[in-house]
Structure formats: structure tokens, C-alpha cells
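> Residue numbers (this note's numbering): 195 to 589.
For every residue, glycine included, the Cβ atom is placed at its ideal position computed from N, Cα and C.
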Ligand SMILES: Nc1nc2c(ncn2[C@@H]2O[C@H](COP(=O)(O)OP(=O)(O)OP(=O)(O)O)[C@@H](O)[C@H]2O)c(=O)[nH]1
Ligand SMILES: [Mg+2]
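#1: State the Cα-Cα distance for the pair residue 371 and residue 518, rounded to the nearest angstrom.
#2: Suppose the cutoff is 8 angstroms on Cβ atoms and the five residues either side in sequence are ignored; what does the same chain contact list for residue 217 look like?
#3: By the DSSP assignment, the beta strand (DSSP E) with residue 505 in it spans what residues?
#4: How far does the beta strand (DSSP E) with residue 387 in it reach, from first residue to last?
#5: Quick one: grab the DSSP three-state call for residue 373.
#6: Skipping 5 residues on each side, what residues in its chain have a beta carbon closer than 6 angstroms to that of residue 197?
#7: For residue 438, is the classification buried or exposed, using 16 other Cβ atoms within 10 angstroms of its Cβ as the cut-off for buried?
#8: If residue 534 and residue 509 are in contact, beta carbons under 8 angstroms, what's the gap, nearest whole angstrom?
#9: For residue 551, tell me which candidate among 572, 374 and 478 has the shortest Cα-Cα distance.
#10: Ligand 1 and residue 295: does the residue's C-beta get closer than 6 angstroms to at least one heavy atom of that ligand?
#11: With a 10 Å radius around its C-beta and 16 neighbouring C-beta atoms as the bar for buried, classify residue 559 as buried or exposed.
#12: I'd like the list of long-range same chain contacts for residue 290, defined as Cβ closer than 7 angstroms, with 5 residues on each side in sequence excluded.
#13: Can you tell me the Cβ-Cβ gap for residue 359 and residue 318, rounded? I've got them flagged as a contact below 8 angstroms.
#14: Give the straight-line distance between the Cα atoms of residue 478 and residue 442, rounded to the nearest whole angstrom.
#15: Using a Cβ-based criterion (distance less than 6 angstroms to any ligand heavy atom), does residue 486 qualify as near ligand 1?
#16: With hydrogens ignored, establish whether the beta-carbon of residue 396 is closer than 6 angstroms to any heavy atom of ligand 1.
#17: Let me make sure I understand the geometry here. Which of 386, 410 and 305 has the alpha-carbon closest to that of residue 364?
#18: From the DSSP secondary-structure annotation, give me the bridge partner or partners of residue 572.
#19: Could you give the distance in angstroms between the alpha-carbon of residue 453 and the alpha-carbon of residue 431?
#20: What is the rounded straight-line gap between the Cα of residue 376 and the Cα of residue 577?
#21: Take every Cβ of the stretch 455-471, pair it with every Cβ of the stretch 497-508, and state whether three or more of those distances are shorter than 8 angstroms.
#22: Residues in its own chain within less than 6 angstroms of residue 561 by CB, not counting five upstream and five downstream?
#23: Return the CA-CA distance between residue 445 and residue 563, expressed in angstroms with no decimal places.
#24: If you draw a straight line from the C-alpha of residue 424 to the C-alpha of residue 553, how long is it?
#25: Rounded to whole angstroms, what's the CA-CA distance from residue 485 to residue 459? Just pull it up for me.
#26: Return yes when the Cβ of residue 307 is within less than 7 angstroms of the Cβ of residue 340, no when it is not.
#27: Does ligand 1 have even one heavy atom less than 6 angstroms from the beta-carbon of residue 435?
#28: Among 399, 310 and 332, which has the Cα closest to the Cα of residue 362?
#29: Just list the residues that DSSP pairs residue 420 with in beta bridges.
#30: Find the nearest neighbour of residue 395 within the set 515, 565, 440 and 408, judged by alpha-carbon distance.
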């Protein structure tokens with residue numbers, strides 16, 4: 195179990211100690227002015243006041259729905275009475291199309307290698323398996339996952355009495371679907387009163403993911419509140435404010451460099467008072483060093499536990515698929531210190547390294563819950579192994 199167990203409750207002494215730690219950290223942060231100089235102070239609100247943006251007006255709802263439905267042409271816009279199921283089906287197909295398109299480079303990378311091996315061997319022998327394993331490793335699936343796949347394939351080939359390599363492609367597809375399959379009930383948190391903490395190193399797509407999540411669940415009728423607990427840069431707060439506008443949800447923020455714990459504290463009080471379904475907290479990925487980052491997260495965990503013990507806690511680690519094996523390493527590090535409940539794998543569009551999705555899903559023992567295939571508000575979906583592998587093998 196990670197250091198940041200959600201179950202830990204803070205004692206009075208710890209609280210006191212923490213307050214002075216917080217003050218110290220603020221001083222430290224100010225002293226060692228790191229990056230984040232592109233600050234536009236006037237954009238951010240009054241000194242030290244909690245800023246609550248109410249974005250639930252009809253006006254905003256209109257903007258949201260206009261922005262959200264990308265694929266609509268004029269004709270479709272007029273058909274306001276489309277039943278919800280049909281609408282959802284359409285969106286799903288739309289997303290599958292994006293997935294197929296987004297995975298083009300990954301598909302070429304994985305299948306290019308695999309198909310070459312399949313076509314250069316007719317007989318299934320040791321050399322064939324070796325070359326196939328090599329092709330999978332090269333396509334960013336990593337050594338361990340490639341080995342697992344080859345071992346399983348050997349068994350399946352025997353079981354199914356497959357004699358030539360042509361039958362292996364189908365088996366490989368099946369194997370990938372099985373390996374990547376998620377358990378059920380992974381999205382229970384969306385049905386409960388939950389606090390969702392979104393973590394990850396800088397630039398992986400945390401804030402964007404939060405915007406997409408907020409939009410998805412707002413559209414499903416949930417009351418969503420966002421907390422701008424990445425107070426390290428003013429621009430980070432602005433960016434989340436913009437997403438909260440687009441999604442039409444409320445934002446709790448304070449000024450730049452304020453204590454992230456204080457923002458979370460305020461946000462929790464707001465979530466409780468307004469009976470929000472989801473409180474989604476943005477966190478900083480860009481701190482002085484790993485120790486600071488982890489320390490800050492630890493404090494946030496404590497505050498949520500203390501102030502909102504009855505809420506379901508969801509910790510989503512965001513990983514950038516374009517970083518390939520590096521993403522896997524990041525996950526291993528975060529896993530040591532936090533009880534991560536799900537992975538969000540971003541930027542699967544346009545990268546050739548999407549094979550990392552297979553490695554992450556197979557090796558980490560943490561489910562990939564969402565995948566991102568673009569920068570738009572609709573470009574993220576719950577992960578589905580059937581769809582993912584089908585999109586990967588789509589001709
Ligand atoms: N193509 C693509 N770009 C994405 C995706 N998700 C995020 N991005 C882009 O990645 C960049 C970084 O995203 P942010 O959401 O700001 O990342 P962050 O983790 O919040 O970054 P910090 O706040 O600096 O730690 C932005 O330009 C996003 O538009 C995705 O699924 N696909
Ligand atoms: Mg951010």
C-alpha cells in the first residue's frame with residue numbers, strides 16, 4: 195500500500211505541524227522561483243479570496259452543447275428529438291472513428307512489424323516466435339508484455355491446432371483483447387459522491403483530462419465541481435477556469451502560490467454544501483522536485499480524508515502515451531507512493547508509441563480507465579479493450 199493511504203486521519207498535532215509545514219513550503223516556493231514566470235496576475239482574482247465561478251447558467255449550457263457536438267452538420271442540429279440511446283450510439287461510433295484514426299501510427303508500428311513476420315514465415319517454429327516477440331518489443335509493448343503474449347500464443351496455437359502463421363493474426367488479436375480486458379465496476383466512483391484527484395508529471399494532460407471528464411459527467415446530469423489545486427502557476431488556474439467554462443461547471447480556486455491544501459479544503463466544503471456528485475481536483479505536475487510533489491500530494495490526501503471521509507476516493511494517474519516506456523516508469527514511481535485507482539492514457543492520437551497501452555494495462559495491475567485521442571472536449575472515452583484492439587487491427 196502507498197504512503198498516501200486514504201484511510202489515515204490527521205491528529206491535532208499533525209494538523210498544527212502541517213500548517214507550519216505549509217507556511218514553510220510557501221516560503222520555499224517563493225524563494226526558489228522556478229519556471230512559471232508567464233504569470234498574468236490581473237487575470238486571477240482578488241487577494242486570497244476563494245474564487246467561485248458559477249457556470250451553471252443556461253447561457254453556459256448553450257455554449258457547452260454547441261461546442262461539444264463536433265460531428266453535427268446543420269441538418270442534424272435541427273433534429274432535437276433524437277432519443278438519448280441513439281445519440282450515445284452516434285457519439286460512440288464517432289469516438290471509434292477517432293480512435294481508428296488516432297491509432298494509425300501505432301497500428302503501422304505494431305502491425306507493420308507483426309505482418310512482416312507473419313508473411314515471411316509460413317511454418318510456426320522457434321524462429322517465428324522469436325521474430326514475433328522482437329516485433330512486439332520494438333512496437334513499444336515492452337519485453338515483459340511481449341514475452342507474456344508469446345507464451346500465451348504458444349498455448350493457443352497448440353490448443354487450436356494452428357499449423358500455419360496465417361491463423362496467428364486472429365489469435366494475437368484475441369490475446370490482446372484478453373490481456374487488456376478490464377474488470378467490471380471500474381466506474382463506480384461516477385455513481386457515488388466522489389473526490390477525484392488527478393495526478394501526474396507536468397505536461398501529461400491532467401488539466402485537459404479534467405475538462406473532458408467534467409464535460410462528460412455534466413452531460414450525464416452530474417453535479418461536478420473543479421478544484422484548482424495546481425497553484426504553482428497562474429496560467430494553470432486560468433487554464434482550468436477556461437475548461438470549467440467550456441464544460442459549464444463550477445470552479446473553486448485561489449490565487450497563484452496559495453496553499454493547494456487550502457484550495458482543496460475550500461473545494462471539499464463547497465462539494466459537501468452543494469451536494470456535488472464529483473469533485474475533481476487538478477494538481478501540480480511541475481514542482482521543484484519529486485519530493486515536493488509527493489509531499490504536496492500527501493497533504494492533499496490528508497485533508498480530503500479528514501474533511502470528507504465519507505466520500506469515495508478516486509486517484510487517477512495521467513500518463514502521456516507519446517513518452518512510451520517512460521510512462522510505465524512514471525506509473526511505477528507514483529504507484530509506490532499513492533493508491534492509484536485508475537490510469538488515464540492521453541495523446542494516443544498521432545503517436546506511434548500507443549503499444550505502451552498494452553504494456554501499461556498488462557504490467558501495472560492498475561486499470562486504464564480512460565483514453566485520450568485529441569485535445570477537444572469530446573476526445574476522451576472510457577477504455578474498452580474490444581474497441582481498442584479492433585481499432586488497432588482495423589484495415
Ligand atoms: N493530441 C492530444 N493532446 C493532448 C491530449 N491530452 C492533452 N493534450 C495536450 O497536451 C498539452 C498538455 O496538457 P495539460 O492538460 O496542460 O497537461 P498538464 O498535465 O495539466 O500539464 P501541467 O499543468 O503543466 O502539469 C496540451 O497542449 C493539451 O492540449 C490528447 O489526448 N491528445
Ligand atoms: Mg495542468
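On the basis of the supplied data:
#1: 20 angstroms
#2: Reliability of the predicted coordinates at residue 217 is poor, the pLDDT of 41 falling under 50, and the value obtained from them is presented with this limitation in mind. Same-chain partners within the cutoff: there are none.
#3: Unbroken run through residue 505: none, as it is neither H nor E.
#4: From DSSP, residue 387 is part of no beta strand (DSSP E); its letter is neither H nor E.
#5: Per DSSP, reduced to three states, the secondary structure at residue 373 is helical.
#6: Note on residue 197: pLDDT 43, under 50, position unreliable in the model; no value is reported.
#7: buried
#8: 5 angstroms
#9: 374
#10: no
#11: exposed
#12: 581 and 585
#13: 6 angstroms
#14: 23 angstroms
#15: Not so, every heavy atom of ligand 1 lies at least 6 angstroms from the Cβ.
#16: For ligand 1, at least one heavy atom lies less than 6 angstroms from the Cβ of residue 396.
#17: 305
#18: Bridge partners of residue 572: none, in fact.
#19: 13 angstroms
#20: 8 angstroms
#21: Contact between the stretch 455-471 and the stretch 497-508 is present, because at least three Cβ pairs lie under 8 angstroms.
#22: 376, 380 and 536
#23: 24 angstroms
#24: 29 angstroms
#25: 22 angstroms
#26: no
#27: no
#28: Checked all of 399, 310 and 332; the closest Cα to residue 362 is 310.
#29: 445 and 474
#30: 515
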